[in-house]
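Quick note, this note's numbering runs 624 ahead of the 1-based positions in the sequence shown.
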Amino acid sequence: RMKKHIFRKKIVLAALLSLTLLLSSCKTVGLDSDRLLTPPQMNAADREILSAIDSVSSSYKLIYPKSGSYQTAVTSVDLTGDDKNEAICFYLDGNNKTVSVIVLESIDESWTVKGKSDSRANAVDRVNFCDLNGDGIKEIVIGWQFQSGEEKAIEIFGFGTDTALKSLYTGMYNNFIAFNDSVVVISRNTSGTTASASLIGRSGNTVSILNTVALNNSIVSFVSVQSGQLSDSRRIVYIDEQLKNLMYTTEVLTIEKTGELSRSPDDISTKTMRTRAYRCLDINDDKLPDIPVEKNFPVYERNNQQENLTYVEWHVYDGTSLEFLKTAYTSLNEQFMIELPKDWIDNITIQRDSDTERAVHFYYIGKDNQTADAAPIPMFSIRVFSQQEYSDTVQSLGWQTISTSSENVYTFRSDNSELPPQFAVDKDTVSALFKLLS
């Protein structure tokens, strides 16, 4: 009995400190309960929430979804459209070691149980919300994760009678995207021989698969799955994939105005085939992912071996084809890009630094430098330093700061002035071409 009391006390201390913030935020909050030396001050709402969970479990631990937009043990969402937020809580029952979900509503400033459901899962992968039938009441979409870590099941809940959450749909998945009125579920079988995407929605009085499309049949893993919207309001899903041949590609799914799910033409996947793990990114800050097409810089020799890096032509998907957006050198490791002006293409190349992979050097190799014995002319270099490494010594070596992040300092150094005018750059020029990736 004493052990159970200690177990509950640690959990309550960790939960209470964050509940007030959790109920008004969807951002991740991390707590280390072993570092809490004294109990935080409890307000009435905190006590009511804990009391409501106490009423359904005598021993529990609050659980955080591992991915997705909602990564808090207690998420505040208006499910019923009455301008009052419900609290959706996940907890691991100390008795049977499985995860349950409970929905609490505030009535007269007291939190009471609105719905509850148990699972056989050991963790929560993600949670989201959508209104499948347009009745103004959101369904709860949960990705359950099991002991193996690989098996995941999607379950969609609606409100039943009394304090029961009614399971409307269950199925296996690798990833899913929840829109306002539908869910796209992406999955592949364990042998990797088939992969598909299914549109889940309301059909009559039931929630079911509306239609399914086949994906590339040599997918090893899904690198990234993101949502977007076309200019005509059709919703789309971008899927970055790794294939069995160790190449990467992108497929795009569209929810058509007819209500069916369609897959992008095969030539999109062919055109986006690439050797490096570039994924779709929002390059032009319009809140929509853009699609990478890999291109090779001209080769150079390093340690008597030919080597070449790649750059990316970024494109926008318009529903049927790719529209060119811009060209950029894109660093996967250091998470930055440098836009390449049109005149630079085929006239420059890039070389990794021989001492550190955190530096790259840009060289001019254009038509004015094409004699048989001509060497590439250095243009400029980009070097990434950690915040701890950066110092006055770095600046004395000619490195000038062009951007910073919480961990790194991104610097520029001019390497040569004997260049054609359109290829001569300074700090301001490169700063304008530089962009941090998130």
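Note that the Cβ used here is the ideal one computed from N, Cα and C, for glycine as well.
Given the structure is predicted, the values throughout are model-derived calculations rather than measurements.
Short of 8 Å in beta carbon distance, which residues of its chain neighbour residue i, apart from the five on each side in sequence? Order them along the chain.
i, result
"Thr722", "Leu716, Asp742, Ser743, Arg744, Ala745 and Asn746"
"Val1054", "Ile962, Phe1004, Ile1006, Ile1026 and Phe1036"
"Lys790", "Phe781, Gly782, Phe783 and Gly784"
"Ala777", "Ala745, Gly767, Trp768, Phe770, Thr794, Gly795, Met796 and Tyr797"
"Ile635", "Only weak support is given to the placement of Ile635: the predicted model assigns it a pLDDT of 42, under 50, and the value that follows is read from those uncertain coordinates. Result list for Ile635: Ser657, Tyr684, Lys685 and Leu686, in chain order."
"Phe803", "Cys754, Ser851, Arg859 and Ile879"
"Asp1052", "none"
"Gln930", "Val923 and Tyr924"
"Ile969", "Thr951"
"Trp1023", "Arg1007, Phe1009, Thr1035, Phe1036 and Arg1037"
"Leu956", "Arg900, Ala901 and Tyr902"
"Met871", "Met897, Arg898 and Thr899"
If I follow the unbroken beta strand (DSSP E) through residue i, where does it start and stop?
i, result
"Val1033", "Asn1032 to Ser1038"
"Thr878", "Tyr872 to Ile879"
"Val807", "Val807 to Arg812"
"Leu792", "Leu789 to Met796"
"Ser848", "Ile843 to Gln853"
"Ser827", "Ala819 to Ser827"
"Ser1062", "Taken as a continuous stretch (DSSP letters only), Ser1062 belongs to no beta strand (DSSP E), as it is neither H nor E."
"Tyr987", "Ala983 to Tyr988"
"Tyr862", "Arg859 to Leu867"
"Ser763", "The question names Ser, but residue 763 in the sequence shown is Glu. Where Glu763 is concerned, the enclosing beta strand (DSSP E) stretches over Glu763 to Gln769."
"Thr696", "Run containing Thr696: none; DSSP gives neither H nor E here."
"Ala1048", "Counting along the chain, Ala1048 falls outside any beta strand (DSSP E), and DSSP gives it neither H nor E."
"Thr882", "No beta strand (DSSP E) contains Thr882, which DSSP labels as neither H nor E."
"Thr836", "Thr830 to Ala838"
"Asn799", "Asn799 to Ala802"
"Tyr684", "Tyr684 to Leu686"
Which same chain residues end up closer than 6 Å to residue i when comparing Cβ atoms and leaving out the 5 residues on each side of it in sequence?
i, result
"Ser886", "Thr878 and Glu880"
"Thr704", "Ile761"
"Glu958", "Val1008"
"Pro689", "Gln695, Val748, Arg750 and Val751"
"Leu1049", "In the sequence as displayed, the identity of residue 1049 is Val instead of Leu. Cβ within range, chain order: Phe1004."
Between the options, which lies nearest to residue i when the distance is taken from Cα to Cα?
i, options, result
"Gly852", "Leu912, Gln959 and Tyr987", "Leu912"
"Phe714", "Asp702, Val727 and Ser1041", "Val727"
"Tyr987", "Gln771, Asn804, Trp735 and Val923", "Val923"
"Ser1015", "Thr696, Pro1000, Ala838 and Tyr1034", "Tyr1034"
"Thr973", "Arg982, Tyr935, Val808 and Gly943", "Tyr935"
"Tyr902", "His939, Arg812, Ser724 and Ile677", "His939"
"Val837", "Pro889, Glu775, Ser945 and Asp805", "Pro889"
"Lys919", "Thr896, Gly1022, Asn957 and Ser675", "Thr896"
"Asp856", "Gly943, Pro1002, Asp909 and Cys904", "Gly943"
"Ile1001", "Pro1044, Glu1031 and Arg898", "Pro1044"
"Thr874", "Gly883, Thr882 and Leu905", "Leu905"
"Glu710", "Lys690, Pro689, Ala676 and Asn720", "Ala676"
"Gly739", "Ile712, Leu756, Asn757 and Asn720", "Ile712"
"Phe805", "Gly883, Pro689, Trp735 and Ile989", "In the sequence on display, residue 805 carries Asp and not Phe. If we check each option's Cα against that of Asp805, Gly883 comes out closest."
"Ser725", "Ile907, Val765 and Glu1031", "In the sequence under discussion, the amino acid at residue 725 is Val, which differs from the Ser named in the question. Closest by alpha carbon: Val765."
"Ser832", "Val876, Glu779, Gln975 and Leu964", "Glu779"
"Asn719", "Ser1041, Ser682 and Met871", "Ser682"
"Val861", "Tyr941, Ile989 and Ser1041", "Tyr941"
How big is the Cα-Cα spacing for residue i and residue j?
i, j, result
"Ile673", "Ser700", "12 Å"
"Leu854", "Asn869", "31 Å"
"Arg759", "Gly825", "Note that residue 759 is Asp in the sequence shown, not Arg. Distance between the alpha carbons of Asp759 and Gly825: 13 Å."
"Glu733", "Gln769", "34 Å"
"Thr830", "Ile761", "15 Å"
"Asp977", "Thr954", "16 Å"
"Gln1012", "Thr1028", "12 Å"
"Lys950", "Asp1039", "25 Å"
"Leu933", "Val984", "10 Å"
"Asp914", "Glu937", "10 Å"
"Glu947", "Asp891", "13 Å"
"Glu865", "Thr1017", "43 Å"
"Val807", "Val680", "30 Å"
"Lys966", "Ala999", "22 Å"
"Arg898", "Pro916", "9 Å"
"Phe1047", "Asp979", "26 Å"
"Leu839", "Glu763", "27 Å"
"Gly792", "Asn757", "It should be pointed out that residue 792 corresponds to Leu in this sequence rather than to Gly. Going by the C-alpha atoms only, they are around 12 Å apart."
Residues in the same chain with beta-carbon distance under 7 Å from residue i, minus the five sequence neighbours each way, listed in chain order, please.
i, result
"Ile810", "Tyr797, Asn798, Asn799, Phe800, Ala821, Phe846, Val849 and Ile863"
"Gly692", "Arg750, Val751 and Asn752"
"Cys650", "For Cys650, the predicted model reports a pLDDT of 36, less than 50, meaning its position is unreliable; a value from the coordinates is still stated below. Once the five neighbours on either side are set aside, the close Cβ partners of Cys650 are Ser693, Tyr694, Thr696 and Thr699."
"Ser730", "Lys708"
"Phe571", "Beyond the ends of the chain as shown, which are 625 and 1062, falls residue 571; an answer cannot be given."
"Arg812", "Asn798, Thr818, Ala819 and Ile843"
Check for me: the alpha helix (DSSP H) holding residue i runs from which residue to which?
i, result
"Lys776", "From DSSP, Lys776 is part of no alpha helix (DSSP H) but of the beta strand (DSSP E) over Lys776 to Phe783."
"Ala1052", "The sequence shown places Asp at residue 1052, not Ala. Where Asp1052 is concerned, the enclosing alpha helix (DSSP H) stretches over Lys1051 to Leu1057."
### Task
Give, in chain order, every unbroken run of the beta strand (DSSP E) that is at least 3 residues long and sits entirely within the segment 884-972.
885-887, 915-920, 924-926, 929-931, 934-941, 946-955 and 960-963
### Message
To test your reading of the DSSP string, which unbroken alpha helix (DSSP H) runs of 4 or more residues are found completely within the segment 699-761?
### Response
none
### Uninterrupted beta strand (DSSP E) stretches inside the segment 994-1029 (no shorter than 3 residues)
1001-1010 and 1024-1028
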